[in-house]
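When we follow full-length UniProt numbering, the leftmost residue of the sequence shown carries the number 1, and every step to the right adds one.
Even for Gly, the Cβ is constructed at its ideal location relative to N, Cα and C.
Treat the numbers as computed from the prediction; the structure is a model and nothing was measured.
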Amino acid sequence: MGERLVIAGFHRSGTSATAQILHRAGLFLGDELLEALPSNPYGHFEDRGVVELHQEVLADNGLTWLVDRPLLPVVGEERWAGMRRIIERRDAEHALWGFKDPRMCMFMMPWKYLMPDMKVLLVYRHFSECTYSLGRRHSSDLFLNRGNRYVHRRFFEEPDLALRMWLAHNEALVAFARAYPQDTLTVSLDAIREGFPLVRAVNERWGLGLADVPTAEVYDPSVSSRRARRQPVSDRRLIGRVTETWEALESLAAPDAGNVPEKEPAFA
1 MGERLVIAGF HRSGTSATAQ ILHRAGLFLG DELLEALPSN PYGHFEDRGV
51 VELHQEVLAD NGLTWLVDRP LLPVVGEERW AGMRRIIERR DAEHALWGFK
101 DPRMCMFMMP WKYLMPDMKV LLVYRHFSEC TYSLGRRHSS DLFLNRGNRY
151 VHRRFFEEPD LALRMWLAHN EALVAFARAY PQDTLTVSLD AIREGFPLVR
201 AVNERWGLGL ADVPTAEVYD PSVSSRRARR QPVSDRRLIG RVTETWEALE
251 SLAAPDAGNV PEKEPAFA
């Protein structure tokens with residue numbers, strides 16, 4: 001049986017950059033990784049088989065990746081079998097492996113059920129930056145006629161959609177981190193930007209034996225912007241939950257791995 005390390009975080013939270021660092025350090029992330037796109041020039045570092053399985057389970061539940069509510073997915077037997085096949089094949093081929101997919105936020109418990117010793121690197125980013133980045137990506141894709149126009153338009157027809165998504169995904173991560181503190185390492189994208197020794201922290205926490213690759217040697221700060229801004233919000237009922245979730249993420253962060261510089265939640 002191999003060691004398993006999963007990278008989990010909301011869309012546009014820096015999980016691709018984090019996975020790139022760990023991949024360079026020797027973590028196997030998949031045989032067929034999704035290709036790079038303009039919004040992710042170095043690649044997503046997402047295994048196609050894992051992503052497709054998550055998409056299938058979401059579809060079974062009448063959903064897409066635009067999950068904006070708390071979710072306990074119903075996983076059919078065929079999907080359970082698919083998850084087991086992935087685990088068995090990876091364990092047979094690799095002493096240390098993992099995967100990364102933002103949808104993983106909604107599938108932590110099913111995977112943990114099958115892999116009780118699964119370790120999770122939880123990556124988080126300020127909600128105002130995530131929502132801005134999602135809006136920018138989908139406005140660009142809409143303008144250039146790339147991808148699903150219906151999906152792109154939803155971010156503008158429902159102004160709080162991205163914020164609700166951030167909340168649903170990060171609430172799930174907070175719940176998991178609180179339930180399994182010994183199996184979770186929480187790190188902010190801001191800390192990674194500042195050169196937090198990610199690989200060293202992972203090795204010290206779990207003894208995985210990854211090559212100690214300096215964060216600054218791999219991370220390209222130009223791929224994500226740091227912008228302090230007021231978060232637009234139409235449904236004021238979201239403010240309390242978003243603030244509470246943000247504060248929980250900050251409290252869970254490893255030493256020196258929280259938000260840098262500190263941001264106070266601010267809403268427009």
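Asked, Found
"7 Å Cβ shell around D101 - same chain, five flanking residues per side excluded", "E46, V50, V51, H54"
"Pick from M106, E88, K119 that is closest to L27, judged by C-alpha positions", "K119"
"R125 beta carbon less than 7 Å from that of G14", "yes"
"8 Å Cβ shell around R230 - same chain, five flanking residues per side excluded", "S128, A266, F267, A268"
"Beta-bridge pairing of Q231 - partner residues as DSSP gives them", "F267"
"Host alpha helix (DSSP H) of W166 (start-end)", "161-179"
"3-residue-minimum beta strand (DSSP E) runs that sit fully inside the stretch 86-142, ordered along the chain", "96-100, 119-124"
"Cβ shell of S133 (< 6 Å), same chain only, five flanking positions each side left out", "R12"
"For R4, the first and last residue of its enclosing alpha helix (DSSP H)", "Element bounds for R4: not the alpha helix (DSSP H) but the beta strand (DSSP E), 3-8."
"Segment limits, alpha helix (DSSP H) that includes S16", "15-25"
"Chain-order list of residues whose beta-carbon lies under 8 Å from that of H23 (same chain, five-residue window excluded)", "L29, F45"
"Nearest candidate by alpha-carbon position, reference K112, set V6, A95, A257, P232", "V6"
"Sequence-distant residues of the same chain with beta carbon closer than 8 Å to residue 272, five excluded per side", "Any property of residue 272 remains undetermined from this structure, which presents the chain solely from 1 to 268."
"Three-state class that DSSP yields for V74 in the structure shown", "coil"
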